[in-house]
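K.L.:
Numbering (my numbering), first residue to last: 1 to 248. Beta carbons: idealized from backbone N, C-alpha and C, even for Gly.
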């Protein structure tokens, strides 16, 4: 089901995220990457999972180059969907990173990454943005993230989440279930895929529940919310959320 959904929306993925977030996803992604400061401590090996269109990978490389003059940080982009990867490859063909060791594209399952391609203790940074909620087993994704990260490496997730303000939550629910599927019909001719994506947000664990899952996978999630299950930062009142953890 998930693969079919993303086959359907691959060519209009940014348009889909614009509809889901009122266009704010671009700012959230900028915030997400800048908060991680890729390149601050020297070149990094990064893996961006469910990152087919390459927008997070491009932000990571641009941030490292523009902020720290780092031209050696690299990103392995992984996605289960070949159509999404084609979109990412097309995007990178227009950039300075095309045909360089700084970016590579791999078709793979977040729940079972290839141990040959992605050995244990390989990466400094693991990112996943607006993808983990579509995985069948979130614990398996987190276990794989823990496996491929080096000790001291960072897991970082940007995802739609639970709105904490009741009024905003009610308005967002109405928008999600009424407007987004309609936009899917109008903009992409595909109501069913957009309806699935809205429902996937509602099924995703709350901030404390997901933070606890990150801890259970072996990550340290210190910070303000440690006593409530882990560290996270809400964006727009919980419409989206950034979760991080460090491999001990």
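Taking contact to mean 3 or more Cβ pairs, one atom from each stretch, closer than 8 angstroms, check whether the segment 162 to 182 and the segment 126 to 145 are in contact.
P.N.:
No, because fewer than three Cβ pairs between the segment 162 to 182 and the segment 126 to 145 fall closer than 8 angstroms, the two stretches do not touch.
K.L.:
Are the beta-carbon atoms of residue 73 and residue 43 separated by less than 8 angstroms?
P.N.:
It is a contact, given that the beta carbons lie within the stated cut-off.
K.L.:
What does the alpha-carbon distance come out to for the pair residue 173 and residue 200?
P.N.:
When rounded, the distance between both Cα atoms is 13 angstroms.
K.L.:
With which residues is residue 187 paired in a DSSP beta bridge?
P.N.:
DSSP lists no partner for residue 187.
K.L.:
Can you give me the C-alpha to C-alpha distance between residue 125 and residue 180, rounded to a whole angstrom?
P.N.:
Between residue 125 and residue 180, the C-alpha separation is close to 32 angstroms.
K.L.:
Identify every residue that forms a DSSP beta bridge with residue 31.
P.N.:
Bridge partners of residue 31: none, in fact.
K.L.:
In this structure, does DSSP put residue 218 in helix, strand or coil?
P.N.:
coil
K.L.:
Can you list, in chain order, the residues of its chain whose CB lies under 8 angstroms from that of residue 133, leaving out five sequence neighbours each side?
P.N.:
So the list reads 159, 160, 200, 201, 203 and 204, once near-sequence residues are dropped.
K.L.:
Alpha carbon to alpha carbon, how far is residue 91 from residue 131? Give it in angstroms, no decimals.
P.N.:
19 angstroms
K.L.:
For residue 250 and residue 63, what's the separation of their Cα atoms in angstroms?
P.N.:
Shown here, the chain extends from 1 to 248; a query on residue 250 therefore has no answer.
K.L.:
Using C-beta distances below 7 angstroms, list every residue in its chain close to residue 210, excluding the 5 sequence neighbours before and after it, in chain order.
P.N.:
243
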